[in-house]
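Engineer: Protein chains in written order, with our numbering: chain A, 261 to 572; chain B, 261 to 572; chain C, 261 to 572; chain D, 261 to 572; chain E, 261 to 572. Note that beta-carbon positions come from the ideal geometry of N, C-alpha and C, so glycine has one too. Just dropping this structure here.
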Amino acid sequence: MPSITRDQVRVPVDVPAEMRETYIDNYMKATRGTGRLMLFACDQKIEHLNDDFFGEGISADDADPEHMFRIGSQGICGVLAGQRGLIAQYAADYPEINYLVKINSKTHLVKTSQDDPYSPQLYDIQTALDLRDNGVNVVGLGYTIYLGSEYESQMMAEAGQLIADAHATGLVVVLWMYPRGKAVADEKSAHLIAGAAGTALCLGADFVKVNPPKGDESGSSADKLKEAALASGRTGLVCAGGSTVDSHTFLSQLYDQIHVGGAVGNATGRNLHQRSLDEAVRLTKAISAITLGDWSVEDAVAVFNGEKDFSL
Amino acid sequence: MPSITRDQVRVPVDVPAEMRETYIDNYMKATRGTGRLMLFACDQKIEHLNDDFFGEGISADDADPEHMFRIGSQGICGVLAGQRGLIAQYAADYPEINYLVKINSKTHLVKTSQDDPYSPQLYDIQTALDLRDNGVNVVGLGYTIYLGSEYESQMMAEAGQLIADAHATGLVVVLWMYPRGKAVADEKSAHLIAGAAGTALCLGADFVKVNPPKGDESGSSADKLKEAALASGRTGLVCAGGSTVDSHTFLSQLYDQIHVGGAVGNATGRNLHQRSLDEAVRLTKAISAITLGDWSVEDAVAVFNGEKDFSL
Amino acid sequence: MPSITRDQVRVPVDVPAEMRETYIDNYMKATRGTGRLMLFACDQKIEHLNDDFFGEGISADDADPEHMFRIGSQGICGVLAGQRGLIAQYAADYPEINYLVKINSKTHLVKTSQDDPYSPQLYDIQTALDLRDNGVNVVGLGYTIYLGSEYESQMMAEAGQLIADAHATGLVVVLWMYPRGKAVADEKSAHLIAGAAGTALCLGADFVKVNPPKGDESGSSADKLKEAALASGRTGLVCAGGSTVDSHTFLSQLYDQIHVGGAVGNATGRNLHQRSLDEAVRLTKAISAITLGDWSVEDAVAVFNGEKDFSL
Amino acid sequence: MPSITRDQVRVPVDVPAEMRETYIDNYMKATRGTGRLMLFACDQKIEHLNDDFFGEGISADDADPEHMFRIGSQGICGVLAGQRGLIAQYAADYPEINYLVKINSKTHLVKTSQDDPYSPQLYDIQTALDLRDNGVNVVGLGYTIYLGSEYESQMMAEAGQLIADAHATGLVVVLWMYPRGKAVADEKSAHLIAGAAGTALCLGADFVKVNPPKGDESGSSADKLKEAALASGRTGLVCAGGSTVDSHTFLSQLYDQIHVGGAVGNATGRNLHQRSLDEAVRLTKAISAITLGDWSVEDAVAVFNGEKDFSL
Amino acid sequence: MPSITRDQVRVPVDVPAEMRETYIDNYMKATRGTGRLMLFACDQKIEHLNDDFFGEGISADDADPEHMFRIGSQGICGVLAGQRGLIAQYAADYPEINYLVKINSKTHLVKTSQDDPYSPQLYDIQTALDLRDNGVNVVGLGYTIYLGSEYESQMMAEAGQLIADAHATGLVVVLWMYPRGKAVADEKSAHLIAGAAGTALCLGADFVKVNPPKGDESGSSADKLKEAALASGRTGLVCAGGSTVDSHTFLSQLYDQIHVGGAVGNATGRNLHQRSLDEAVRLTKAISAITLGDWSVEDAVAVFNGEKDFSL
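Quick look at the structure:
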């Protein structure tokens, strides 16, 4: 199982001396001491409204937002990413979770055909620091950039300032980088995704979440991910989980992203919370077995099936 | 009759320790110690200009804005919601009312066919706190978001910051969540309304006001409201009253919204102020009998007819 | 002649305790101790450029901007309303005038057919307070909102904040409320004007200036003004004077606006400054005889004709 | 030769008591003790890019930006107007020049047919005050408003605040007022220019620079300038010099602008810097002979021809 | 070899007295004591995404962003220009490099045919000063202006303020000046480039980076560069390197830009980092031999070929 010491955390130089220990604390918490990131994405209640939480094929457990906190608490995750208000309403009852405050969000109502996407910063960083001061275990911040949107400039500027401010206070930052807009012909192009990953690096992010590139005859998705993993340099690359698929497929993809593609973790939402609590908890452990424990796909599947247990 | 103790108020964790008692005070006042919300909506003089206050079928009492304060004072309400300036001009004479300062408003002159709706923040939160410092009984703030508007991002950002700032000073927040704009095909869709309610939760609101969903053969409006009541999680859901209907229908709908749909209150405007003072006062009591007292529809109708009395 | 005592001034509750006396001072000055407002509108040099000041039918006196200050000084007015810079250039020589600083202005060059109207805030409120600190007799502020414009939101927000800030420092506020824009079919509709007046109340204005509604077979302009006078509640309603007409007509309209329509004053510009100094001075007295002195039309005409004198 | 005493400087009342002497210092410097303004316009390197500085009919001296400072230093001017950065790069070597910091500028690349003009504020006023603190002889600020542009509101707001801030620190302000945009049919209309001049007064400018109106059978350009000179009231009116013409014509026009049209000075750019250093220096003296010395056209031409000398 | 003393550094007068030594330190570092600038442009990972770093004809070394820092460390450069976040992630391991923080950036996804270019400021200047406070060797800032874009005003305003703020803290500023947008017919016009260079001067930049103009029968590119070198006055002109060409051609062009065109340096990106580390290091030395050492083309080629060595 991968493991890093506090000395091995590479602290960006925009973290001031008096915040180095705080940054290392947060980095170690977020990566559970492994340098790998298992991110539980709980920001879709704005991003996708209720589409991901209610309906055919979705566990009835998911209709209640507290479901996500139960999974986060009983399962094994690195961080639970959600909007500030969502965290504020539940965190007092789930103090053990590592929270990543998602700073911007938009709904999916206005489609790209009507207008290019812009996801606004919903509150200033101080409000996230205030949560921390009130005792919430906030380890980092998240922000989505739709690269290639006509509003790219606004998101780039908000993210650029946010990372500087976050590092100045010892917080870790994850950027969601999604090429999208009328100017973007192919959102899943490996080369474009690599460009997005490099942009996250230039903005100073600690981790970048991208969609896995589209595989084709010239290489699998994981093969093609290598370009992005290189381009992101010292910014750790993780892949979004996407829509719900069967667990074996899901875990195999994740394994390949890490061991072939060079990813250092994963960011999973629907695949977790759309399941019943028990199943979702087991899946967090299976994912973490691969991401944090370097286990094989078979062993992880066994964890998911309740045949093995994974703990840190 | 439902009743909660101060210990039962679930204080969001973005309320700092030194403001917990203030928040609990405000929450107890707004809900009259019941955890339920009876909101008297008095923000339509901007939203609908004089259309709701003067004309056929509207009591002549309603032409004078003070009518609303008289109802608020003589009737039984949780909060009276109005713009800052309106409150500033009358509150000195009606100190006993619990005020909710509506922070944004727009007129209905520009239709959605001309431009998507944006309702601007009209003053900063400090101006509401100043009212409180001047002795006005301000217990909370209100803000409207038109979800799906091309200006959604501006309203989401204003509301997101507002809630953080309000909680930081111990104020309760109600969000008016209305899907509206060229991208919104069906404003009354239960699924969409549930998404709007979930969005309010993610922003951290204490209560969310939605329009009741449209019922159809698959279920009544109240049945369909359940999805939204679940999606809003710890954010209490209340339904808007809509245009004036006969009192029995109105009270029955309200009863079902609470006892079938999972609402924790109501938000009523026109149904109250368009009536004469005496009738309006009796209707506040009938509404509160259901909302705050868990009375039956029949008993509430008797209150409205002056055959019974409801008091706290 | 109407007269109010300092105790009778209804101070809005957003005026803090330590500014109550200042507000009462300003209110008494602006209304000359009567509770009525005679406003001399001197903001047209931006609004109408030189069209109102030079040309056929306009006294040559009006070509020199100082003409307005001479009228304000020698005549009887409540306040002289003008932009900050105009006041700054002349007020040292006319210290006895009560000034109302007009905070926003636009030219009429871009027509509504090209773009909806937006009148920008030209300077922050501190600059008006600085004038006061420098010894200028500033009693209040003015702001124009074009209701129904696509830029309504910007003006509403600027005005909403302005009123809060003005009251916080003891200044009186007058809103110019003009429905205008592609969405506005009939700017002179009595019902729409009433909506505009109600909006001014909700923003917390002390006085609202509206155009007189269009009369028709169902009622005179003054009759139809009643709806707006009711809708404006505790915000005093005054009518704009409009383009220059003969003095008898003008004074009769004014009388009816007050005694039939419920107005509490007037706001007159062109009808005054387009006349020679002597004639303009007499007209201020005739207007004030009606507005501030409750004199009859006949007596006011006699004042205008120099047959009687009106003084406070 | 006109001359004013310090007591004769009419200080606007927005200049605070503690800054009166500073304002008078700056006013006396800018007008060289005459109350008249000779402004050397050196802001065209942005406004017209290199078109005015290099090419046929332009002295080779003009290719080097330092040429303007040499003229300003060896000639006789009231103020040299240029952007902050230009002044910052040369002023240490030319400390004797009175500088007017041009606060906004745009290039001419985007034509009005593509978009209406907006000239942005390039730096805050503090940066100009910092130059003064660093020992640069900054006496005032300049700002251009394109009246009638769809961006009029932004420029009006920037200028309105700028003048208040400048006066608060004792600086003199010159507004460049140019009607321009799709809404402006005739930029050279005398009536429109008068409106622009009146607008500058209402914003509180000390001087306003306008283009000379177009003359026709009803009157010469200078005749028609009278309306603007009246409309600008206590704001001194000066005319832009325009493109390079022969010196006799140029000086005659200037003489008439002052002695017929009521201007109190001139603002000249290309007519100066497009000439060789020697010729340009002589032309500054010829212009100043008329503007500051009230000399005749013939005597001024003699100065330009080197037959007479003008000094202060 | 050109060499300047600290006394010969011409410090702009917007650098305050207490920051003069810091500015001179930075200027001497950036120009390696020569007054000439060799800028290694490492901002393309945002500007061109991964196009410049991965693919046919590009060394595999370039896929890893650290490649640029290795070149900067082992080669001879004046400054390495990159975004704040990129520097923050690597500078701790490369403390000897002189860093220029590129303040704005955009991707190339939205083409000019879709929308005119705007490159947003990504973080405030304080974040760059914080890097310096944390021990990073930050000597200056960079900013790109697309002159003639419909967003020119935003970039001009950001750059105008930035330069003032940078000089106030002793930092050197380089402006990238690129005419681009629907209004720009010929980006490579010598006359237009000269206008852009003059604009950089007026904003107060220390150096301006332009594209070399297009040569034609009337003169070579270097000949035509003279106009810009004159127009930029005291702002040093450097040319962008453009896409990768063979080294002899590249070095000849550079030599001519300096010795014919009047440039004082170069700004090179792709020509360096697209080569293998060894080759790139040798090319930095060859470039510096010309730029900083005034060597001949032949000698510089020998350096590139490893036949001679160049050191400072």
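#1: Roughly how many angstroms lie between the CA atoms of Leu435/A and Asn471/A, to the nearest whole one?
#2: May I ask which residues mark the beginning and end of the beta strand (DSSP E) holding Cys499/A?
#3: Going by DSSP in three states, Thr459/C sits in which element: helix, strand or coil?
#4: Starting from the C-beta of Ala323/D, find all residues in its chain whose C-beta is less than 8 Å away, skip the five residues before and the five after it, and write them out in chain order.
#5: Give the residues of chain B in contact with Thr459/C, contact being defined as C-beta atoms less than 8 Å apart.
#6: Cβ closer than 7 Å: which chain A residues qualify as neighbours of Val444/B?
#7: Taking DSSP's pairing of strands, which residues face Ala527/B in a bridge?
#8: Taking just the CA atoms, how far does Tyr515/C sit from Lys484/C?
#9: Over what stretch of residues does the alpha helix (DSSP H) that includes Ala546/C continue unbroken?
#10: Going along the chain, which residues of its own chain have a beta-carbon closer than 6 Å to the beta-carbon of Cys337/B, five neighbours each way excluded?
#11: Decide yes or no for the touch test of the stretch 265–273 of chain D against the stretch 546–562 of chain C: beta carbon pairs closer than 8 Å, at least 3 of them.
#12: Consult DSSP for Asp312/A and reduce its assignment to one of helix, strand or coil.
#13: Expressed to the nearest angstrom, what Euclidean distance is found between the alpha-carbon atoms of Gln374/C and Ala445/D?
#14: Out of Leu532/A, Leu382/A, Phe564/A, Leu407/A, point me to the one whose CA is closest to His368/E's CA.
#15: CA-CA distance, Met415/C and Gln304/B?
#16: Around the C-beta of Gly464/D, are 16 or more other C-beta atoms found within 10 angstroms, so that it is buried, or is it exposed?
#17: Can you tell me where the alpha helix (DSSP H) with Val563/E in it begins and where it stops?
#18: What are the complete beta strand (DSSP E) segments, minimum 3 residues, inside the stretch 332–396 of chain D?
#19: Return the CA-CA distance between Phe467/C and Gly317/C, expressed in angstroms with no decimal places.
#20: Using the Cα positions of Pro380/D and Leu461/B, report the straight-line distance between them to the nearest angstrom.
#21: Taking 7 Å as the CB-CB cut-off, is Met261/C touching chain B?
#22: Can you tell me whether Thr265/E is buried or exposed? The criterion is at least 16 other CB atoms within 10 Å of its CB, across all chains shown.
#23: Taking Leu552/D as the reference, give the member of Glu567/D, Asp506/D, Val339/D, Gly430/D with the closest Cα.
#24: Which residues of chain A have a Cβ atom closer than 8 Å to the Cβ of Arg266/B, listed in chain order?
#25: Run down chain E in chain order and give the residues with a C-beta less than 7 Å from the C-beta of Tyr383/D.
#26: Counting only Cβ pairs nearer than 9 Å, list the residues of chain B close to Glu326/A.
#27: Report yes if the C-beta distance between Leu401/E and Ile347/E is below 7 Å; otherwise report no.
#28: Mind listing which residues of the stretch 338–350 of chain C have their C-beta closer than 9 Å to chain D's C-betas, in chain order?
#29: Along the chain, where does the beta strand (DSSP E) that runs through Phe510/B open and close?
#30: For a cutoff of 7 Å on Cβ pairs, would you count Pro377/D as touching chain E?
#31: Applying a beta-carbon distance threshold of less than 8 Å, which residues of chain B neighbour Asp390/A?
#32: For Glu567/A and Gly335/A, I'd like the C-alpha separation in whole angstroms.
#33: Can the beta-carbon of Asp438/C be found less than 7 Å from the beta-carbon of Asn397/C?
#34: State the start and end residues of the unbroken beta strand (DSSP E) segment that holds Gly400/A.
#35: At least one CB of chain C closer than 7 Å to the CB of Phe314/B: is that the case?
#36: Would you mind giving the Cβ-Cβ distance between Ala341/D and Val432/D, rounded to the nearest angstrom? I have them listed as a contact below 8 Å.
Structural biologist: So, to answer that:
#1: By one-based count along the first sequence, residue 435/A stands at place 175. By one-based count along the first sequence, residue 471/A stands at place 211. Each residue's alpha carbon lies about 12 Å from the other.
#2: For the purposes of this step, residue 499/A is taken as residue 239 along the first sequence, with counting starting at 1. Run containing Cys499/A: 496–500, per the beta strand (DSSP E) assignment.
#3: Here residue 459/C refers to the residue found at position 199 of the third sequence. Here Thr459/C sits in helix by DSSP.
#4: For the purposes of this step, residue 323/D is taken as residue 63 along the fourth sequence, with counting starting at 1. Around Ala323/D: Phe313, Phe314.
#5: The residue you call residue 459/C lines up with position 199 of the third sequence. Lys305, Ile306, Leu309, Thr367, listed in chain order.
#6: As a working mapping, residue 444/B is identified with position 184 in the second sequence. Simply Leu369.
#7: Position 267 of the second sequence, counted from the start, is the residue given in the question as residue 527/B. Leu299/B, Ala500/B.
#8: Residue numbering aside, residue 484/C sits at position 224 when the third sequence is read from its first letter. Residue numbering aside, residue 515/C sits at position 255 when the third sequence is read from its first letter. Cα to Cα, the separation comes out at about 14 Å.
#9: Within the third sequence, numbered from 1, the residue matching residue 546/C stands at position 286. 537–551 is the extent of the alpha helix (DSSP H) around Ala546/C.
#10: Translated into the one-based positions of the second sequence, residue 337/B becomes position 77. Hits under 6 Å: Met298, Phe300, Thr544.
#11: no
#12: Mapped onto the first sequence, residue 312/A falls at position 52. Here Asp312/A sits in coil by DSSP.
#13: By 1-based counting over the third sequence, the position of residue 374/C is 114. By 1-based counting over the fourth sequence, the position of residue 445/D is 185. Approximately 14 Å between the Cα atoms of the pair.
#14: For the purposes of this step, residue 368/E is taken as residue 108 along the fifth sequence, with counting starting at 1. It is Leu407/A.
#15: Numbered from 1 along the third sequence, position 155 holds the residue referred to as residue 415/C. Numbered from 1 along the second sequence, position 44 holds the residue referred to as residue 304/B. C-alpha separation (whole angstroms): 18 Å.
#16: Against the fourth sequence, residue 464/D aligns to sequence position 204. Gly464/D should be labelled buried.
#17: Here residue 563/E refers to the residue found at position 303 of the fifth sequence. It spans 557–564 - the alpha helix (DSSP H) in which Val563/E sits, taken as one unbroken run.
#18: 339–343, 359–362
#19: Numbered from 1 along the third sequence, position 207 holds the residue referred to as residue 467/C. Numbered from 1 along the third sequence, position 57 holds the residue referred to as residue 317/C. Those two C-alpha atoms are separated by around 31 Å.
#20: Taking the fourth sequence and counting its residues from 1, the one referred to as residue 380/D is at position 120. Taking the second sequence and counting its residues from 1, the one referred to as residue 461/B is at position 201. Going by the C-alpha atoms only, they are around 41 Å apart.
#21: Along the third sequence, one-based indexing puts residue 261/C at 1. Judged by the 7 Å Cβ criterion, Met261/C is not in contact with chain B.
#22: In the fifth sequence, the residue the question calls residue 265/E occupies position 5. So Thr265/E ends up on the exposed side.
#23: Stepping through the fourth sequence from its first residue, residue 552/D is reached at position 292. Considering only alpha carbons, the answer is Val339/D.
#24: The residue given as residue 266/B occupies position 6 in the second sequence. None at all; the shortest Cβ gap to chain A is about 16 Å.
#25: Position 123 of the fourth sequence holds residue 383/D. Near Tyr383/D (Cβ distances below 7 Å), the residues of chain E are Gly420, Gln421, Ala424.
#26: For the purposes of this step, residue 326/A is taken as the residue at position 66 of the first sequence. In chain order: Gly493, Arg494.
#27: Counting from one through the fifth sequence, the residue named residue 401/E turns up at place 141. Counting from one through the fifth sequence, the residue named residue 347/E turns up at place 87. Contact flag unset, no.
#28: Gly342, Gln343, Arg344, Gly345, Leu346, Ile347, Ala348, Gln349, Tyr350
#29: The residue labelled residue 510/B in the question sits at position 250 within the second sequence. Where Phe510/B is concerned, there is no enclosing beta strand (DSSP E), although the alpha helix (DSSP H) it sits in stretches over 507–519.
#30: Residue 377/D sits at position 117 when you count from the first residue of the fourth sequence. It does not: the Cβ of Pro377/D has no partner Cβ on chain E nearer than 7 Å.
#31: Here residue 390/A refers to the residue found at position 130 of the first sequence. Asp274, Pro276, Ala424, Ala428, listed in chain order.
#32: Within the first sequence, numbered from 1, the residue matching residue 567/A stands at position 307. Within the first sequence, numbered from 1, the residue matching residue 335/A stands at position 75. The alpha-carbon atoms of Glu567/A and Gly335/A are separated by roughly 16 Å.
#33: Along the third sequence, one-based indexing puts residue 438/C at 178. Along the third sequence, one-based indexing puts residue 397/C at 137. Note on residue identity: the sequence assigns Tyr, not Asp, to residue 438/C. For Tyr438/C and Asn397/C, no; Cβs fall outside 7 Å.
#34: Looking up residue 400/A in the first sequence gives position 140. First-last of the beta strand (DSSP E) with Gly400/A: 398–407.
#35: As a first step, residue 314/B must be located in the second sequence, where it is residue number 54. Yes - at least one Cβ of chain C is within 7 Å of the one on Phe314/B.
#36: Here residue 341/D refers to the residue found at position 81 when the fourth sequence is read from its first residue. Here residue 432/D refers to the residue found at position 172 when the fourth sequence is read from its first residue. Not quite, the Cβ-Cβ distance comes to about 11 Å (not below 8 Å), so this is no contact.
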